[in-house]
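Comments concern the structure below.
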Amino acid sequence: MRTTLTLLVTLLIAVGALFYIGPTTPVPGVAYVELVNVTGDDTGPTCPLDQRYVDEAPRGLRDDVLAAWNTLKAKAAAEGVSMCLNDGKRSSQQQQAEFDGAVRRFGSAEQASKYVLTPEASNHVKGIAADIQPLASASWVERGNGKFGWCRRYQNEPWHFEYDPSYVNGCPPMLPNALASR
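The sequence shown begins at 1 in full-length UniProt numbering and counts up by one.
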(Lines of atoms letter the chains of each structure in order from A and count residues from 1; the text may use other names and numbers.)
(Lines give C-alpha, C1' and ligand atoms only; values in the text may rest on other atoms or scores of the structure.)
Protein backbone atom coordinates (compact mmCIF):
# COMPACT_ATOMS: atom_id res chain seq x y z
CA MET A 1 0.00 0.00 0.00
CA ARG A 2 2.76 2.44 0.90
CA THR A 3 4.61 1.70 -2.36
CA THR A 4 1.41 2.28 -4.35
CA LEU A 5 0.81 5.58 -2.56
CA THR A 6 4.41 6.67 -3.14
CA LEU A 7 4.11 5.85 -6.85
CA LEU A 8 0.81 7.72 -7.09
CA VAL A 9 2.24 10.82 -5.40
CA THR A 10 5.34 10.67 -7.63
CA LEU A 11 3.13 10.41 -10.71
CA LEU A 12 0.98 13.36 -9.58
CA ILE A 13 4.08 15.46 -8.97
CA ALA A 14 5.47 14.55 -12.40
CA VAL A 15 2.19 15.44 -14.12
CA GLY A 16 1.98 18.67 -12.12
CA ALA A 17 5.50 19.59 -13.24
CA LEU A 18 4.33 19.38 -16.86
CA PHE A 19 1.72 22.09 -16.20
CA TYR A 20 3.78 24.30 -13.90
CA ILE A 21 3.52 27.84 -15.20
CA GLY A 22 4.50 30.29 -12.49
CA PRO A 23 5.83 30.53 -9.00
CA THR A 24 3.84 28.75 -6.34
CA THR A 25 4.27 28.25 -2.66
CA PRO A 26 3.88 24.52 -2.05
CA VAL A 27 2.44 23.44 1.26
CA PRO A 28 3.96 20.17 2.47
CA GLY A 29 1.36 17.49 3.02
CA VAL A 30 -1.45 19.38 1.28
CA ALA A 31 -2.71 18.19 -2.10
CA TYR A 32 -2.94 20.81 -4.83
CA VAL A 33 -5.45 20.65 -7.65
CA GLU A 34 -5.87 23.43 -10.17
CA LEU A 35 -9.57 23.80 -10.82
CA VAL A 36 -9.09 25.36 -14.25
CA ASN A 37 -6.14 23.45 -15.64
CA VAL A 38 -6.02 24.78 -19.18
CA THR A 39 -3.32 27.38 -19.46
CA GLY A 40 -3.08 30.21 -21.88
CA ASP A 41 0.17 31.30 -23.39
CA ASP A 42 2.53 33.29 -21.20
CA THR A 43 3.71 35.14 -24.25
CA GLY A 44 3.52 35.07 -28.00
CA PRO A 45 5.12 36.56 -31.05
CA THR A 46 5.51 40.31 -31.09
CA CYS A 47 2.35 42.13 -32.12
CA PRO A 48 3.11 43.45 -35.63
CA LEU A 49 0.93 46.50 -34.95
CA ASP A 50 2.78 47.62 -31.81
CA GLN A 51 6.09 46.06 -30.81
CA ARG A 52 5.42 46.71 -27.09
CA TYR A 53 2.86 43.91 -27.03
CA VAL A 54 2.58 40.27 -27.97
CA ASP A 55 -0.02 38.46 -30.03
CA GLU A 56 -0.92 35.25 -28.17
CA ALA A 57 -2.70 32.35 -29.73
CA PRO A 58 -6.23 32.26 -28.28
CA ARG A 59 -5.52 28.88 -26.67
CA GLY A 60 -7.67 27.91 -23.71
CA LEU A 61 -10.58 30.25 -24.33
CA ARG A 62 -13.96 28.62 -23.79
CA ASP A 63 -15.25 27.19 -27.10
CA ASP A 64 -18.00 29.81 -27.55
CA VAL A 65 -15.55 32.58 -26.63
CA LEU A 66 -12.99 31.28 -29.12
CA ALA A 67 -15.63 31.29 -31.86
CA ALA A 68 -16.64 34.83 -30.85
CA TRP A 69 -12.98 35.93 -30.84
CA ASN A 70 -12.47 34.54 -34.34
CA THR A 71 -15.65 36.27 -35.54
CA LEU A 72 -14.54 39.54 -33.95
CA LYS A 73 -11.14 39.38 -35.65
CA ALA A 74 -12.72 38.53 -39.01
CA LYS A 75 -15.26 41.39 -38.77
CA ALA A 76 -12.49 43.78 -37.72
CA ALA A 77 -10.31 42.68 -40.64
CA ALA A 78 -13.23 43.20 -43.03
CA GLU A 79 -13.29 46.81 -41.82
CA GLY A 80 -9.52 47.20 -42.13
CA VAL A 81 -8.84 46.83 -38.40
CA SER A 82 -6.19 44.43 -37.12
CA MET A 83 -5.74 43.49 -33.49
CA CYS A 84 -3.53 41.44 -31.23
CA LEU A 85 -4.51 39.27 -28.30
CA ASN A 86 -2.07 40.61 -25.75
CA ASP A 87 -3.50 38.44 -22.98
CA GLY A 88 -6.30 35.89 -23.03
CA LYS A 89 -6.77 32.72 -21.03
CA ARG A 90 -4.74 32.39 -17.85
CA SER A 91 -4.41 29.45 -15.50
CA SER A 92 -4.95 29.96 -11.78
CA GLN A 93 -1.17 29.99 -11.31
CA GLN A 94 -0.67 32.56 -14.07
CA GLN A 95 -3.35 34.77 -12.55
CA GLN A 96 -1.91 34.41 -9.05
CA ALA A 97 1.52 35.41 -10.38
CA GLU A 98 -0.08 38.47 -12.06
CA PHE A 99 -1.84 39.37 -8.82
CA ASP A 100 1.29 38.89 -6.71
CA GLY A 101 3.24 41.12 -9.10
CA ALA A 102 0.55 43.79 -8.84
CA VAL A 103 0.67 43.63 -5.02
CA ARG A 104 4.43 44.24 -5.18
CA ARG A 105 3.94 47.09 -7.68
CA PHE A 106 1.03 48.81 -5.93
CA GLY A 107 1.89 48.01 -2.32
CA SER A 108 -1.32 46.31 -1.19
CA ALA A 109 -3.82 43.66 -2.24
CA GLU A 110 -6.61 46.24 -2.29
CA GLN A 111 -4.75 48.56 -4.67
CA ALA A 112 -3.60 45.63 -6.80
CA SER A 113 -7.22 44.41 -7.09
CA LYS A 114 -8.10 47.55 -9.00
CA TYR A 115 -6.00 46.18 -11.88
CA VAL A 116 -5.61 42.44 -11.37
CA LEU A 117 -8.09 40.11 -9.70
CA THR A 118 -7.33 36.96 -7.75
CA PRO A 119 -7.70 33.67 -9.64
CA GLU A 120 -11.10 33.01 -8.07
CA ALA A 121 -12.50 36.29 -9.43
CA SER A 122 -10.72 36.64 -12.78
CA ASN A 123 -12.56 36.20 -16.06
CA HIS A 124 -9.19 35.49 -17.69
CA VAL A 125 -9.09 32.28 -15.64
CA LYS A 126 -12.64 31.48 -16.74
CA GLY A 127 -11.55 31.87 -20.38
CA ILE A 128 -13.95 34.72 -21.24
CA ALA A 129 -11.65 37.77 -21.18
CA ALA A 130 -9.23 39.22 -23.71
CA ASP A 131 -6.78 42.10 -23.49
CA ILE A 132 -6.74 43.69 -26.94
CA GLN A 133 -3.88 45.77 -28.34
CA PRO A 134 -3.14 48.21 -29.74
CA LEU A 135 -5.53 50.61 -28.07
CA ALA A 136 -6.82 51.86 -31.42
CA SER A 137 -8.07 48.31 -32.10
CA ALA A 138 -9.54 48.06 -28.61
CA SER A 139 -11.33 51.35 -29.26
CA TRP A 140 -12.87 49.89 -32.43
CA VAL A 141 -14.26 46.98 -30.38
CA GLU A 142 -15.58 49.38 -27.74
CA ARG A 143 -17.34 51.56 -30.33
CA GLY A 144 -19.26 48.44 -31.39
CA ASN A 145 -21.09 48.54 -28.01
CA GLY A 146 -21.27 44.75 -27.76
CA LYS A 147 -22.24 44.19 -31.39
CA PHE A 148 -20.11 41.03 -31.45
CA GLY A 149 -20.61 40.07 -27.79
CA TRP A 150 -17.45 41.81 -26.50
CA CYS A 151 -17.58 44.68 -24.02
CA ARG A 152 -15.01 46.76 -22.22
CA ARG A 153 -15.72 46.30 -18.53
CA TYR A 154 -13.41 48.64 -16.58
CA GLN A 155 -12.84 52.37 -16.98
CA ASN A 156 -9.18 52.05 -15.97
CA GLU A 157 -8.41 49.22 -18.44
CA PRO A 158 -9.15 50.31 -22.01
CA TRP A 159 -7.68 47.04 -23.32
CA HIS A 160 -9.75 44.58 -21.22
CA PHE A 161 -12.84 43.06 -22.84
CA GLU A 162 -15.13 40.26 -21.75
CA TYR A 163 -17.40 38.11 -23.84
CA ASP A 164 -21.04 37.43 -23.08
CA PRO A 165 -23.59 36.63 -25.81
CA SER A 166 -26.11 38.92 -24.08
CA TYR A 167 -23.81 41.88 -24.77
CA VAL A 168 -25.03 41.96 -28.38
CA ASN A 169 -27.97 43.93 -26.94
CA GLY A 170 -25.53 46.58 -25.69
CA CYS A 171 -22.78 46.74 -23.13
CA PRO A 172 -23.53 47.04 -19.42
CA PRO A 173 -22.27 50.16 -17.64
CA MET A 174 -18.51 50.15 -17.16
CA LEU A 175 -17.17 49.68 -13.68
CA PRO A 176 -14.47 52.05 -12.38
CA ASN A 177 -12.00 49.16 -11.96
CA ALA A 178 -11.74 45.42 -11.41
CA LEU A 179 -12.17 45.80 -7.66
CA ALA A 180 -15.67 47.13 -8.24
CA SER A 181 -16.66 43.81 -9.86
CA ARG A 182 -16.17 41.84 -6.67
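All C-beta atoms in this analysis are idealised placements derived from N, C-alpha and C, irrespective of residue type, glycine included.
Backbone secondary structure at residue i - three-state DSSP
{"i": "residue 38", "result": "Here residue 38 scores only 49 on pLDDT, less than 50, and its place in the model is too uncertain to base an answer on."}
{"i": "residue 96", "result": "helix"}
{"i": "residue 106", "result": "helix"}
{"i": "residue 157", "result": "coil"}
{"i": "residue 167", "result": "helix"}
{"i": "residue 135", "result": "helix"}
{"i": "residue 54", "result": "strand"}
{"i": "residue 162", "result": "strand"}
{"i": "residue 23", "result": "Because the pLDDT of residue 23 is 35, which lies under 50, any placement of that residue in the model is unreliable, and the question is left without a value."}
{"i": "residue 117", "result": "coil"}
{"i": "residue 179", "result": "helix"}
Limits of the unbroken alpha helix (DSSP H) element including residue i
{"i": "residue 70", "result": "63-78"}
Closest residue to residue i among the options (Cα-Cα distance)
{"i": "residue 124", "options": "54, 62, 111", "result": "62"}
{"i": "residue 99", "options": "145, 180, 112", "result": "112"}
{"i": "residue 83", "options": "116, 120, 137, 69", "result": "137"}
{"i": "residue 158", "options": "101, 176, 93", "result": "176"}
{"i": "residue 95", "options": "118, 172, 46", "result": "118"}
{"i": "residue 50", "options": "139, 140, 135, 168", "result": "135"}
{"i": "residue 142", "options": "167, 127, 126", "result": "167"}
{"i": "residue 55", "options": "87, 81, 77", "result": "87"}
{"i": "residue 81", "options": "48, 173, 169", "result": "48"}
Proximity of residue i and residue j at Cβ, strictly below 8 Å
{"i": "residue 178", "j": "residue 163", "result": "no"}
{"i": "residue 132", "j": "residue 66", "result": "no"}
{"i": "residue 180", "j": "residue 160", "result": "no"}
{"i": "residue 182", "j": "residue 121", "result": "yes"}
Start and end residues, beta strand (DSSP E) containing residue i
{"i": "residue 150", "result": "150-152"}
{"i": "residue 86", "result": "84-87"}
* Count the CB pairs spanning the segment 65-81 and the segment 143-150 that are closer than 8 Å, and state whether there are at least three. => yes
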